[in-house]
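Residue numbers (our numbering): 4 to 171.
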């Protein structure tokens, strides 16, 4: 059996980061989310999102009953770096992998669903092309800044002013 782990939302301006673990052969899956607060303030500066990602992946392994013989393909992205290390240290058969296909689709769809809960409905599923839609949505209401990954330097140095919040 093979388990794939992927994330979605890491590079998006708004919302947290969704992590999906999926057993390829059966489609059985586990979903967790790193709340946006982990990408703001002190939690961001201390990189606590890495600990939270590792915890979510460990919870997924328990929930799915993954054994140490199963191959666990984990996305090569930075947000899952501590998860890869921790599972390897615990004896799991970890293979850093670029995740594509059904697991990636499930992660992206789950992330978009999390944005809809905030009242944000996007037509654009491609993460590389949805930034402007997210920025425009935030710009409409200064109260929405609480949904932004404000820890990113680019938010402080550029995009916050572009959103019109420099004097808010």
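Where a beta carbon is used, it is the ideal one built from N, C-alpha and C, also for glycine. Keep in mind it's a predicted model, so treat the numbers as computed, not measured.
Can you grab the Cα-Cα spacing for the pair residue i / residue j, in whole Å?
i, j, result
"residue 148", "residue 141", "6 Å"
"residue 25", "residue 95", "15 Å"
"residue 73", "residue 165", "47 Å"
"residue 62", "residue 93", "13 Å"
"residue 21", "residue 77", "14 Å"
"residue 136", "residue 121", "14 Å"
"residue 28", "residue 100", "17 Å"
"residue 23", "residue 110", "6 Å"
"residue 160", "residue 167", "13 Å"
"residue 90", "residue 49", "21 Å"
Which of helix, strand or coil does DSSP assign to residue i?
i, result
"residue 151", "strand"
"residue 36", "strand"
"residue 11", "strand"
"residue 160", "helix"
"residue 17", "strand"
"residue 171", "With a pLDDT of 48 at residue 171, under the threshold of 50, the modelled position of that residue is not reliable, and the figure given next carries that caveat. Coil."
"residue 144", "coil"
"residue 69", "coil"
"residue 93", "coil"
"residue 59", "helix"
"residue 182", "Since the first residue of the chain shown is 4 and the last is 171, residue 182 is not available in this structure."
"residue 31", "coil"
Determine whether the beta carbon atoms of residue i and residue j lie at a separation below 8 Å.
i, j, result
"residue 85", "residue 53", "yes"
"residue 82", "residue 8", "no"
"residue 69", "residue 17", "no"
"residue 80", "residue 10", "yes"
"residue 39", "residue 150", "yes"
"residue 154", "residue 44", "yes"
"residue 41", "residue 55", "yes"
Bridge partners of residue i, per DSSP?
i, result
"residue 6", "26 and 75"
"residue 99", "77"
Using a Cβ cut-off of 8 Å (strictly closer), state whether residue i contacts chain B.
i, result
"residue 112", "Note that chain B does not occur in the displayed structure, where there is just one protein chain."
Should the segment 27-35 be regarded as contacting the segment 114-126, the criterion being three or more beta carbon pairs within less than 8 Å? no
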